[in-house]
Amino acid sequence: MSLINQIDQDIKQAMLAKEPDRLRGLRAVKAALLLARTEKGAGEELDKETEIKVLQKLIKQRKESAEIYKTQNREDLYDIEMQEMAVIEPYLPKQMSAEEIEVYLKELISRVGATSVKDMGKVMGAANKELAGKADGRTISEGVKKLLS
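First residue of the sequence shown: 459, per my numbering; consecutive thereafter.
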């Protein structure tokens, strides 16, 4: 079952269960997926990689908005963003822990032959490709900087 079909089913369940917070998050996911599907160059169905990128973008947007709302003492809006993140996250692959990322990056750095921060581009390219959907780009970048410096 494709992700958009799964979201449709979950929207119906949220409507029947009268869960407005969950429904709002699911509708946001569906809108983003439909938008990605209708973009120029996109095929009829989205591949798994594109779906993950769309979901990651939604999570990132909500994290950034939540941080802003938190600094402005807007707890009501902060709570909405956090609720939507909680609805979106289960559709993403399981995220790697910081320890798992560090172990992976050490292995990748030795495999690529990186020795200094100058080689960060090589490591980041390979890491982003291999860890797509499993780790946040910022976390990967910080880990690579830490290990190469």
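Glycine included, every Cβ here is placed at the ideal spot set by N, Cα and C.
As the structure is a prediction and not an experimental result, all values here were calculated from the model.
| Query | Result |
| --- | --- |
| ALA584 to VAL602 span [Cα, whole Å] | 11 Å |
| Selected residue, minimal CA-CA separation from PRO551, among GLU509, LYS476 and ALA490 | GLU509 |
| Nonlocal neighbours in the same chain, by C-beta distance under 8 Å from ILE598, ignoring five residues either side | ILE559, LEU563, MET582, ALA585, ASN586 and LEU589 |
| Spatial distance of ASP466 from GLN519 (CA atoms) | 22 Å |
| Where PRO551 falls: helix, strand or coil (DSSP) | coil |
| Span of the alpha helix (DSSP H) around ARG596 | 595 to 606 |
| As assigned by DSSP and simplified to three states, the class of GLN471 | helix |
| For ARG495, the nearest candidate out of GLY595, SER460 and ALA572 (CA to CA) | SER460 |
| Short Cβ contact (8 Å threshold) for TYR549 with LEU513 | yes |
| 8 Å Cβ cutoff met for LEU516 and VAL487 | yes |
| ASN531: first and last residue of the uninterrupted alpha helix (DSSP H) it sits in | Premise fails: ASN531 is in no alpha helix (DSSP H) and is neither H nor E. |
| Whole-angstrom distance between MET554 and LEU474, CA atom to CA atom | 34 Å |
| Through-space distance from PRO478 to GLY591, alpha-carbon basis | 27 Å |
| Beta-carbon separation (whole angstroms), LEU504 vs LEU491, contact threshold 8 Å | 7 Å |
| Boundaries (first-last residue) of the alpha helix (DSSP H) holding VAL487 | 478 to 496 |
| Rounded straight-line distance, which links the Cα of ILE567 to that of THR573 | 8 Å |
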